[in-house]
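Just so you know, the sequences run in chain order V and C. When we follow our numbering, the leftmost residue of the first sequence carries the number 5, and every step to the right adds one. When we follow our numbering, the leftmost residue of the second sequence carries the number 345, and every step to the right adds one. First up is the structure itself, then whatever we jot down about it.
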Amino acid sequence: EAQVTQNPRYLITVTGKKLTVTCSQNMNHEYMSWYRQDPGLGLRQIYYSMNVEVTDKGDVPEGYKVSRKEKRNFPLILESPSPNQTSLYFCASSLKDREVDTQYFGPGTRLTVL
Amino acid sequence: KNQVEQSPQSLIILEGKNCTLQCNYTVSPFSNLRWYKQDTGRGPVSLTIMTFSENTKSNGRYTATLDADTKQSSLHITASQLSDSASYICVSRSGTYKYIFGTGTRLKVLA
């Protein structure tokens, strides 16, 4: 089944404790992206990747890191999480980033930073 | 400032009725307009994608329209079903790589 998977789905952590949220897709997609969704704000793009070893900042990259060493994986790293990073995170992928390419979203990771 | 505004914020309708959701966008340069359905606790799922030259696109009971002159889009749902209860998100793509999301319309369909 074609899908985007994220792990973990739920995570409660404490301020300053490094964490990684994994994202994997099995559709051989070149484009991958991370978003956060907060009440009243809609989804906002954190980072995106056009292909292996090619990443760039989105609208809200502060406090996050990403890497794209393999085509299928695009992990999101929080080196020192803070409470304002409590949010619902989505990974998405598309074949490329052409105008009409559909983005497929993962199921989401709900992160709480205490 | 690039932004996408949706109305209403929430809507309650009876099963079988039609409804229309609105989206106004101020995005430059404009590339395309997308509608997504997001069930509670799940990731958004694409419904339609319309480029500048398209003014209507259907996906089953969902029909999206686009007026590039007034910078408005609508999503019409025909003969609503209980499973249509979800949030509907309007997204405008600006140039390459950049997506601007609306805050969504929460639809509740009652039996």
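Glycine included, every Cβ here is placed at the ideal spot set by N, Cα and C.
According to DSSP, is residue i part of a helix, a strand, or is it coil?
| i | result |
| --- | --- |
| N88 of chain V | helix |
| D428 of chain C | helix |
| M31 of chain V | coil |
| D63 of chain V | coil |
| D411 of chain C | strand |
| D42 of chain V | strand |
| E349 of chain C | strand |
| R386 of chain C | coil |
| R114 of chain V | strand |
| R48 of chain V | strand |
| S436 of chain C | strand |
| S372 of chain C | coil |
| F396 of chain C | coil |
| V56 of chain V | coil |
| V18 of chain V | coil |
Between the beta-carbon of residue i and the beta-carbon of residue j, is there less than 8 Å?
| i | j | result |
| --- | --- | --- |
| Y406 of chain C | T384 of chain C | no |
| L80 of chain V | F445 of chain C | no |
| K22 of chain V | E103 of chain V | no |
| Q382 of chain C | A430 of chain C | yes |
| T422 of chain C | N362 of chain C | yes |
| E57 of chain V | R76 of chain V | no |
| M36 of chain V | S86 of chain V | no |
| L358 of chain C | L454 of chain C | yes |
| D413 of chain C | N399 of chain C | no |
| D60 of chain V | Y52 of chain V | yes |
| S372 of chain C | Y380 of chain C | no |
| V348 of chain C | S436 of chain C | yes |
| Q10 of chain V | P111 of chain V | yes |
Kindly indicate which residue of the options has the alpha-carbon position closest to the one of residue i.
| i | options | result |
| --- | --- | --- |
| P12 of chain V | V:V25, V:T19 and V:C95 | V:V25 |
| S418 of chain C | C:S402, C:L426 and C:S429 | C:S402 |
| P354 of chain C | C:V348, C:T364 and C:R437 | The question names Pro, but residue 354 of chain C is Ser in the sequence shown. Nearest C-alpha to S354 of chain C: C:T364. |
| D428 of chain C | C:Q350, C:D413, C:P352 and C:K452 | C:K452 |
| Q107 of chain V | C:K442, C:G448 and C:L358 | C:K442 |
| F109 of chain V | C:P388, C:S375, C:P352 and C:E398 | C:P388 |
| T449 of chain C | C:N346, C:K345, C:Q347 and C:P352 | C:P352 |
| Q425 of chain C | C:I356, C:C434 and C:S375 | C:I356 |
| F78 of chain V | V:F94, V:L45, V:D105 and V:G44 | V:F94 |
| W38 of chain V | V:G44, V:L45 and V:P65 | V:P65 |
| F374 of chain C | C:K345, C:G404 and C:I433 | C:K345 |
Residues in its own chain within less than 6 Å of residue i by CB, not counting five upstream and five downstream?
| i | result |
| --- | --- |
| E34 of chain V | N55 and K100 |
| I16 of chain V | T116 |
| T395 of chain C | N376 |
| H420 of chain C | T364 and T407 |
| A6 of chain V | M31 |
| G20 of chain V | S84 |
| Y14 of chain V | R114 |
| Q416 of chain C | N368 |
Keeping to the same chain, check which residues put their C-beta closer than 7 Å to that of residue i; ignore five residues upstream and five downstream.
| i | result |
| --- | --- |
| S91 of chain V | R40, Q41, D42 and L115 |
| T447 of chain C | Q350 |
| S28 of chain V | T9, R76 and N77 |
| G360 of chain C | A423 and S424 |
Would you say the beta carbon of residue i comes nearer than 7 Å to a heavy atom of the ligand ATP?
| i | result |
| --- | --- |
| A455 of chain C | Ligands in the displayed structure: none, and consequently the ligand ATP is not present. |
Between residue i and the rest of its own chain, which residues show a CB-CB distance below 8 Å, the 5 nearest in sequence each way excluded?
| i | result |
| --- | --- |
| D63 of chain V | R48, Q49 and I50 |
**Message:** As an exercise, report each continuous beta strand (DSSP E) stretch of at least 3 residues that is fully enclosed by the segment 66-110 of chain V, in chain order.
**Reply:** Whole beta strand (DSSP E) segments, 3+ residues: 80-82 and 91-98.
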